[in-house]
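Protein sequence lines correspond, in order, to chains C and D.
Residue numbers for the first sequence follow full-length UniProt numbering, beginning at 1 and rising by one.
Residue numbers for the second sequence follow full-length UniProt numbering, beginning at 1 and rising by one.
For each residue, glycine too, the CB sits at the ideal point set by N, CA and C.
What you are looking at is a predicted structure, and each value in this text was computed from that prediction instead of being measured.
2 protein chains.
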Amino acid sequence: MDGARRSQADRRARSRSAILAAAARGLSRYGYANLVLDRVAAEAGYTRGALYHQFSGKEDLALAVVAWIEETWTAEVGRLTREVADPVEALLAVARAHAVYCRRDVAGALMTLRTEFAGQDHPVGRAIMKIFDRLVAEYTPLIAAGRERGTLPPGPPPEETARAYLATVEAVVIALAGREPYDAELADRAARGLLGLPPAPAGPAG
Amino acid sequence: MDGARRSQADRRARSRSAILAAAARGLSRYGYANLVLDRVAAEAGYTRGALYHQFSGKEDLALAVVAWIEETWTAEVGRLTREVADPVEALLAVARAHAVYCRRDVAGALMTLRTEFAGQDHPVGRAIMKIFDRLVAEYTPLIAAGRERGTLPPGPPPEETARAYLATVEAVVIALAGREPYDAELADRAARGLLGLPPAPAGPAG
DNA sequence: TCATTTACATACGCGAATGCACGCATGTTA
DNA sequence: TAACATGCGTGCATTCGCGTATGTAAATGA
Numbered sequence: 001m002d003g004a005r006r007s008q009a010d011r012r013a014r015s016r017s018a019i020l021a022a023a024a025r026g027l028s029r030y031g032y033a034n035l036v037l038d039r040v041a042a043e044a045g046y047t048r049g050a051l052y053h054q055f056s057g058k059e060d061l062a063l064a065v066v067a068w069i070e071e072t073w074t075a076e077v078g079r080l081t082r083e084v085a086d087p088v089e090a091l092l093a094v095a096r097a098h099a100v101y102c103r104r105d106v107a108g109a110l111m112t113l114r115t116e117f118a119g120q121d122h123p124v125g126r127a128i129m130k131i132f133d134r135l136v137a138e139y140t141p142l143i144a145a146g147r148e149r150g151t152l153p154p155g156p157p158p159e160e161t162a163r164a165y166l167a168t169v170e171a172v173v174i175a176l177a178g179r180e181p182y183d184a185e186l187a188d189r190a191a192r193g194l195l196g197l198p199p200a201p202a203g204p205a206g
Numbered sequence: 001m002d003g004a005r006r007s008q009a010d011r012r013a014r015s016r017s018a019i020l021a022a023a024a025r026g027l028s029r030y031g032y033a034n035l036v037l038d039r040v041a042a043e044a045g046y047t048r049g050a051l052y053h054q055f056s057g058k059e060d061l062a063l064a065v066v067a068w069i070e071e072t073w074t075a076e077v078g079r080l081t082r083e084v085a086d087p088v089e090a091l092l093a094v095a096r097a098h099a100v101y102c103r104r105d106v107a108g109a110l111m112t113l114r115t116e117f118a119g120q121d122h123p124v125g126r127a128i129m130k131i132f133d134r135l136v137a138e139y140t141p142l143i144a145a146g147r148e149r150g151t152l153p154p155g156p157p158p159e160e161t162a163r164a165y166l167a168t169v170e171a172v173v174i175a176l177a178g179r180e181p182y183d184a185e186l187a188d189r190a191a192r193g194l195l196g197l198p199p200a201p202a203g204p205a206g
């Protein structure tokens, strides 16, 4: 049976992703400071030995989780920024897609870490800040463009608006924690409000 | 000089509020797990001895901070719910007042603690949850009333809307961290959006 | 088949931070 | 002013979780 006899690379990869997933859930629930590596390893079906064999320590593990989330998020949500032509449509599409993305249990990880490391000087905090700043830098010109085109009314500076937009979409989705139709619906509403748009015409946005 | 010769009760009260204020700032910046009592006491001008004389421990201190914030918040923001007659006006007034309230440095404490203890079973977490649930229970009927009067359009269930409203106002204000006119302006926009209202007529809401 | 490497478990040392014991000095009451 | 209470500082014990060193079984490669 090849089922029992696995290659080393395969074992390594399986262990790594199992630990990564457990760590992501743990970070989302408990945050960084309260994350106990023993629990993470146990929940993944291993001991701390396996964890330390794959990651150099707690910090490295958290950074790997952040990178992993960023990757999947970009593939699932972030790409919309480039694929949707109209800036306003793109912003609203991201809000709804983010709600869908966050229906899994990893949802809160980024927000938890961001609030935990806000105003600190920690590598993990810097990694999160960097992602967030990149998104702000990506959405700020979209808002500016929408206002120039006249599809968005004037309002507070685009950067401030972008920051509020991101924080809001994140918070709404977490507050509703996957209550299926309403998370996307309310994320959409909040985004429209922040951008100064009137309510959506009618019927819940699919 | 009576300045040097203070009564015991006075000393106690001064120490207590100094420690409480330091703890509030510390919780807002570092959260509960990363809060070091030695630093709190030092920042207040004391040592841990004084702290343990006034509070039974870290948990008790955090609970006292939560109670203190709830008190000041209710006196400054929460009262609007009862003082403003129209439900929709009340909701928007609270959003703006919350932004103003959060311009002080204690702002993030409640949100930090709430995210830190979300999904845990910790006394501090329960205290925060209780406050939050009380607010949800207070705002849910306001939304329902607005919809019945026709001053609010229909939308997701009132409770979900109330939760999203609270989380949003909180998040927007923290994301903008006291950037003076825009925090209130964007909190107002987000609240309007969530409630399904059209944008405010014109001119930044004072 | 045997040497070497790899995946993982187990055991230990260590620092950090909490909580509590005790001690001193300043108020309070008689 | 003497006896006591209170605010507060200091030192100690304990806990907890991280990081590392060491051991073992399985896989690779000759």
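May I ask which residues mark the beginning and end of the alpha helix (DSSP H) holding residue i?
| i | result |
| --- | --- |
| C/D86 | No alpha helix (DSSP H) holds C/D86; DSSP gives it neither H nor E. |
| C/R79 | Neither: C/R79 is in no alpha helix (DSSP H) and is coded neither H nor E. |
| C/T47 | Run containing C/T47: none; DSSP gives neither H nor E here. |
| C/L168 | Per the sequence shown, residue 168 of chain C should be read as Thr rather than Leu. Its alpha helix (DSSP H) spans residues 158 to 176. |
Helix, strand or coil for residue i? Go by DSSP, reduced to three states.
| i | result |
| --- | --- |
| D/Q120 | coil |
| C/R103 | coil |
| D/D2 | In this predicted model, D/D2 has a pLDDT of only 38, less than 50, meaning its place in the structure is not dependable enough to derive any value. |
| C/Q8 | helix |
| D/F55 | coil |
| C/A205 | Per-residue confidence for C/A205 stands at a pLDDT of 47, beneath the threshold of 50, marking its modelled position as unreliable; the derived number appears in the next sentence. If DSSP states are grouped into helix, strand and coil, C/A205 belongs with coil. |
| C/A33 | coil |
Please state if the CB of residue j and the CB of residue i are separated by a distance shorter than 8 Å.
| i | j | result |
| --- | --- | --- |
| C/P154 | C/I143 | no |
| D/R189 | C/G193 | yes |
| C/A22 | C/V40 | yes |
| D/R103 | D/G178 | yes |
| C/A118 | D/A33 | no |
| D/A167 | D/A109 | no |
| D/A191 | D/L91 | yes |
| C/P156 | D/P198 | no |
Check each candidate in the options and name the one with the smallest Cα separation from residue i.
| i | options | result |
| --- | --- | --- |
| D/Q54 | D/A107, D/R14, D/I131 | D/R14 |
| D/V65 | D/G178, D/A107, D/A85, D/G49 | D/A107 |
| D/D105 | D/T161, D/L176, D/L194 | D/L176 |
| C/Y101 | C/L194, C/T47, C/I69 | C/I69 |
| D/L135 | D/A164, D/A22, D/H122 | D/A164 |
| D/R114 | D/E180, D/E43, D/E170, D/E148 | D/E170 |
| C/M111 | C/A9, C/D121, C/M129, C/D38 | C/M129 |
| D/Y46 | D/R16, D/G196, D/G26 | D/R16 |
| C/E43 | C/A191, C/R96, C/R12, C/G26 | C/G26 |
| D/A137 | D/V172, D/A162, D/P199 | D/A162 |
| C/R11 | C/P201, C/S28, C/A50 | C/A50 |
| C/R29 | D/K58, D/D121, D/A85, D/A9 | D/D121 |
| D/R48 | D/A18, D/W73, D/A200 | D/A18 |
| C/G57 | C/V84, C/T72, C/V124 | C/V124 |
| C/G31 | C/E116, C/E180, C/A202 | C/E116 |
| D/I131 | D/T74, D/L20, D/E83 | D/T74 |
| D/A202 | C/E160, C/E148, C/G196 | C/G196 |
For residue i, which residues of its own chain have a beta-carbon under 7 Å away from its beta-carbon, when the five flanking residues on both sides are left out?
| i | result |
| --- | --- |
| C/M1 | Because the pLDDT of C/M1 is 37, which lies under 50, any placement of that residue in the model is unreliable, and the number read from its coordinates should be weighed accordingly. Cβ neighbours of C/M1 beyond the five flanking positions: none. |
| C/V94 | V77, L80, T81 |
| residue 252 of chain C | One cannot answer for residue 252 of chain C here, as it falls past the ends of chain C, which runs 1 to 206. |
| C/L37 | R48, L51, K58 |
Taking 6 Å as the limit between beta carbons, can you name the residues of its chain near residue i, skipping five residues before and five after?
| i | result |
| --- | --- |
| D/P87 | L142, A145, G146 |
Looking only at its chain, what residues have a beta carbon closer than 8 Å to the beta carbon of residue i, apart from the 5 residues adjacent to it on each side?
| i | result |
| --- | --- |
| D/A67 | A127 |
| D/R96 | A184, A187, D188, A205 |
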